[in-house]
Amino acid sequence: MFALPNLSIGLVPLIVAAIGLAAMIAFAVFRTVAARHHEPSHPDAQPGSDARKCTYCRRGVAMLREETVRLVGEDLVGVRCYVCTRCGLPQWWVERRGISPHVR
20 MFALPNLSIG LVPLIVAAIG LAAMIAFAVF RTVAARHHEP SHPDAQPGSD ARKCTYCRRG
80 VAMLREETVR LVGEDLVGVR CYVCTRCGLP QWWVERRGIS PHVR
């Protein structure tokens with residue numbers, strides 16, 4: 020019937036290049052998706068340490084207004100006050116760390 024030309028010699032490098040290109044695209048898509056789903060160490064933390072997502076309106080950014088550290092008993096207590104730029108509500112973040120007793 021019809022004779023097909025012998026393309027197997029020129030077709031093999033083209034197939035290898037297409038498979039390599041598909042693998043590179045799949046790897047790039049995987050890295051992009053994995054980077055988007057990477058969670059920060061604290062759920063409300065933004066990339067900057069002085070800003071976080073507002074817990075009330077969920078749309079604004081709460082900026083750090085003041086920060087205090089004090090000693091309560093044998094604990095070191097840090098209090099940060101954030102204020103949302105959208106709704107204006109204050110939010111406090113309290114961190115208590117125990118201080119180990121000194122060895123004498």
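Take any residue in the sequence shown, count from 1 to its spot, add 19: that is its number in our numbering.
Just so you know, even glycine gets a beta-carbon here, dropped at the ideal spot from N, CA and C.
Option nearest residue i by Cα separation, candidates the options
i      : options                       : result
Cys100 : Gly79, Ala53 and Arg71        : Arg71
Met82  : Tyr75, Val88 and Thr104       : Thr104
Asp69  : Ala53, Ala54, Glu86 and Leu40 : Glu86
For residue i, the three-state DSSP class (helix, strand or coil)
i      : result
Arg55  : helix
Arg78  : coil
Gly117 : strand
Leu90  : strand
Leu83  : strand
Arg99  : strand
Leu30  : helix
Gln65  : In this prediction, Gln65 has a pLDDT of 46, which is less than 50 and means its spatial position is unreliable; what the coordinates show is noted afterwards. Residue state, collapsed to three classes: coil.
Arg71  : strand
Check whether residue i and residue j have beta carbons under 9 Å apart
i     : j      : result
Arg77 : Val102 : no
Leu90 : Ile44  : no
Tyr75 : Leu33  : no
Interface flag, residue i vs chain D, CB-CB below 9 Å
i     : result
Thr87 : Given the protein chain composition of this structure (a single chain), no chain D is represented.
task: Count the C-beta pairs between the stretch 112-120 and the stretch 91-99 that are closer than 8 Å, then say yes if the count reaches three, no if not.
output: yes
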